[in-house]
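Numbering (our numbering), first residue to last: 4 to 595.
All residues carry an ideal CB built from backbone N, CA and C; glycine is no exception.
This structure is a prediction, so every number in the text was calculated from the model and none was measured.
Working notes, structure below.
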């Protein structure tokens, strides 16, 4: 049998998975399939998720490579949720994604992103294996097998995998190029079903769908919360649900607090349809909304919720005195909040899990919460976001900066000059990748005037660049700050926190400005060097936290790599000590 596995994964991985792998291997041997390849803890492309086992062999009918994705559970029993049949209650009473559905999503994701499998219909299929359970203790399913289903399991495996060597199929999967993930905001709304949701993303989607169906019949309100760090797929979940529910004739709206994010959604997902563009709005647009006027309201970047929607332009009739969170809950039968509390980078952004749950409790509305723990940026590498948190002394465990050891999925590079940073990104753009340069708000931001070139506000030595065009309208054929992130012409200008939050690129160059410098053994935030007016009236301690959070957002925008630069020599020396040249390698196995 061909067994490919990381020794650390097999020794240190979950005991139930190890025992399940050995039980599955015995069944393969008994079925005469001892030469079938077993890829244990197989990492899915560009994601942090692992399939417990991928069986690799040859289809007995077509003689083409054939793969079976196996989800292993140690459960002795489980029951389908009567309200949400694709979710289950396990033996410890947790509500989880059905293991067959989980395996099917892994299979679809693998087939979608593995270049050698594109166009190979039915080459990958999912199944679940519960070696400790008995048939009578689990729901009926033709691809769910228990310890008492040995004969049925062997029959199924023989239908998908032929007797004989599997080396070619194993090698094809392991050496295949992987297709890059499509940028979320590169597709119109009717194409967002190209994204395959995984794990708790899928569980949340099913829960939202069920809540909408129930509300349509009974009018019952519900709140669904998706919590996850940068790159965990919150926005992908939101747009996928929006597409699905629109197709089913639900009244759905998508709201944010970001002019850049909402404007970009109108431009890309709305794709020249005024009807679709009206689906995308802002948190402060519901001051006068009738109760439950919308079936489902999706609130993305909900950590940016503010205390009130009222401003100087709010009509007197809409000055209700209600909080913004109450307005959002009141406006819909089902309100979905997608948030990461650690991305609040401006005073007045108060959206937290506690705030939402308290508002729901006050109104007697049930809440479902999903922890979106996946990672779809940084090549799916979960180590990089942790490394960034430690670098900026934002690690919740109090751990400080450590060296970046280098990972094949993601490049971290320190530039000696801003010119070097730009040249690296230019080469990536010329290779067909997306890239942007972003910086801390340490330089003036001049107004943009039609017929005049943008002012090169950012000056570092002899390197000069303008910020993105200030305002809602572009000038001279260049995009405005609101659409800078999704317009290819935005590469020649530098972005800032307010027009990059919520977006992602293949490559990002980050200029750490003089508002954050390394001195001795810690970071020092210099408020005199920062030009963000929203941070002027806060304490030094709060300023430091917001600045470091801001740079964490900037540093976590990349899918394939990041290039850092600081004009401060001591800071640059510190960065170089943490990222040796040997750790700056090109991601492997990308392309096609």
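Does the stretch 269 to 285 touch the stretch 333 to 345, meaning 3 or more C-beta pairs lie closer than 8 Å?
Too few Cβ pairs lie closer than 8 Å, so no.
What residues in its chain sit with their C-beta under 6 Å from that of residue 547, if we drop five residues either side in the sequence?
Contacts found: 528.
Using the Cα positions of residue 388 and residue 482, report the straight-line distance between them to the nearest angstrom.
If you draw a straight line from the Cα of residue 388 to the Cα of residue 482, it comes to about 30 Å.
Could you give the DSSP three-state label for residue 583: helix, strand or coil?
Reduced to three states, the DSSP call for residue 583 is coil.
Roughly how many angstroms separate the alpha carbons of residue 23 and residue 581, rounded to a whole number?
Take the alpha-carbon of residue 23 and the one of residue 581: they are about 40 Å apart.
Please say whether residue 130 and residue 91 have beta carbons closer to each other than 9 Å?
Not in contact: residue 91 and residue 130 (Cβ atoms no closer than 9 Å).
Would residue 58 pass as a contact of residue 160 if the rule is Cβ separation under 9 Å?
A distance below 9 Å separates the beta carbons of residue 58 and residue 160.
Measuring CB atoms only, is the stretch 348 to 367 touching the stretch 29 to 40, in the sense that at least three cross pairs come out at less than 8 Å?
By the Cβ test, the stretch 348 to 367 is not in contact with the stretch 29 to 40, since fewer than three Cβ pairs between them sit closer than 8 Å.
Own chain, CB closer than 6 Å to residue 146, minus 5 neighbours either side, in chain order
The answer, listed in chain order, is 103, 130.
In the DSSP assignment, find the unbroken alpha helix (DSSP H) run with residue 330 in it and report its ends.
Taken as a continuous stretch (DSSP letters only), the alpha helix (DSSP H) holding residue 330 covers 327 to 333.
Taking DSSP as the reference, what is the three-state secondary structure of residue 103?
The answer is helix: DSSP assigns residue 103 an H, G or I state.
If I'm right that residue 469 touches residue 457 with Cβ under 8 Å, what's the distance once you round it to whole angstroms?
About 4 Å separates the two Cβ atoms, so the contact holds.
So, at 7 Å on beta carbons, what are the nonlocal neighbours of residue 535 in its own chain, with the 5 sequence-adjacent residues on each side left out?
Counting only Cβ-Cβ distances below 7 Å, and skipping sequence neighbours, we find 444.
In terms of residues, what are the limits of the alpha helix (DSSP H) holding residue 277?
Judged by DSSP secondary structure, residue 277 falls within the alpha helix (DSSP H) whose first and last residues are 277 to 280.
Cα-Cα separation, residue 563 to residue 412:
Residue 563 and residue 412: Cα-Cα distance of roughly 7 Å.
What does a CB cutoff of less than 6 Å around residue 273 pick up in its chain, not counting 5 residues either side in sequence?
Counting only Cβ-Cβ distances below 6 Å, and skipping sequence neighbours, we find 279, 280.
Check whether the stretch 231 to 243 and the stretch 300 to 310 touch, using three or more Cβ-Cβ pairs below 8 Å as the test.
As far as the Cβ criterion goes, the stretch 231 to 243 touches the stretch 300 to 310, which means the pair count is three or higher.
To test your reading of the DSSP string, which unbroken alpha helix (DSSP H) runs of 4 or more residues are found completely within the stretch 346 to 401?
If only uninterrupted alpha helix (DSSP H) runs of at least 4 residues are considered, those enclosed by the stretch 346 to 401 are 356 to 366, 386 to 394.
Residue 236 - containing beta strand (DSSP E), residue span
According to the DSSP assignment, residue 236 belongs to no beta strand (DSSP E), since it is labelled neither H nor E.
What residue range is occupied by the uninterrupted beta strand (DSSP E) comprising residue 284?
For residue 284, the enclosing beta strand (DSSP E) starts and ends at 283 to 285.
With DSSP collapsed to three states, give me the class of residue 592.
Confidence in residue 592 is poor, its pLDDT being 45 and thus under 50, which makes the residue's placement too unreliable to answer from.
Taking the continuous alpha helix (DSSP H) assigned at residue 270, which residues delimit it?
Residues 262 to 270.
If you draw a straight line from the C-alpha of residue 381 to the C-alpha of residue 507, how long is it?
So the two alpha carbons sit approximately 10 Å from each other.
Pick helix, strand or coil for residue 445, following the three-state DSSP scheme.
Here residue 445 sits in coil by DSSP.
Using DSSP's beta-bridge definition, name the partner residues of residue 60.
Partner(s): 69.
If you drop the 5 nearest sequence neighbours on each side, which residues of the same chain put their C-beta closer than 6 Å to that of residue 569?
If we look at residue 569 and ignore the five residues flanking it on each side, its Cβ neighbours are 515, 575.
Quick one: using the 10 Å Cβ neighbour count with 16 as the cut-off for buried, is residue 298 buried or exposed?
Burial state of residue 298 is buried, judged by a 10 Å Cβ sphere holding 16 or more other Cβ atoms.
Are the CB atoms of residue 290 and residue 323 within a distance shorter than 9 Å?
A Cβ-Cβ contact shorter than 9 Å links residue 323 with residue 290.
Residue range of the beta strand (DSSP E) that residue 133 falls in?
Residue 133 -> beta strand (DSSP E) spans 127 to 133.
Touching by the beta-carbon criterion (3+ pairs, under 8 Å), the stretch 75 to 85 and the stretch 45 to 53:
Contact between the stretch 75 to 85 and the stretch 45 to 53 is absent, because fewer than three Cβ pairs lie under 8 Å.
Mark residue 453 as exposed unless 16 or more other C-beta atoms lie within 10 angstroms of its C-beta, in which case mark it buried.
It is exposed - the Cβ of residue 453 has fewer than 16 other Cβ atoms within 10 Å.
Would you mind reading off the limits of the beta strand (DSSP E) that contains residue 569?
561 to 569 is the extent of the beta strand (DSSP E) around residue 569.
Endpoints, alpha helix (DSSP H) assigned at residue 205
From DSSP, the alpha helix (DSSP H) with residue 205 extends over 202 to 221.
How is the beta strand (DSSP E) around residue 82 delimited, first residue to last?
Note, residue 82: beta strand (DSSP E), 81 to 83.
Under the rule that 16 or more other beta-carbon atoms within 10 Å means buried, what is residue 236, buried or exposed?
Note on residue 236: 16 or more other CB atoms within 10 angstroms of its CB, so buried under the neighbour-count rule.
By the 10 Å Cβ neighbour count, where 16 or more other Cβ atoms means buried, how is residue 402 classified, buried or exposed?
Its Cβ having fewer than 16 others within 10 Å, residue 402 is exposed.
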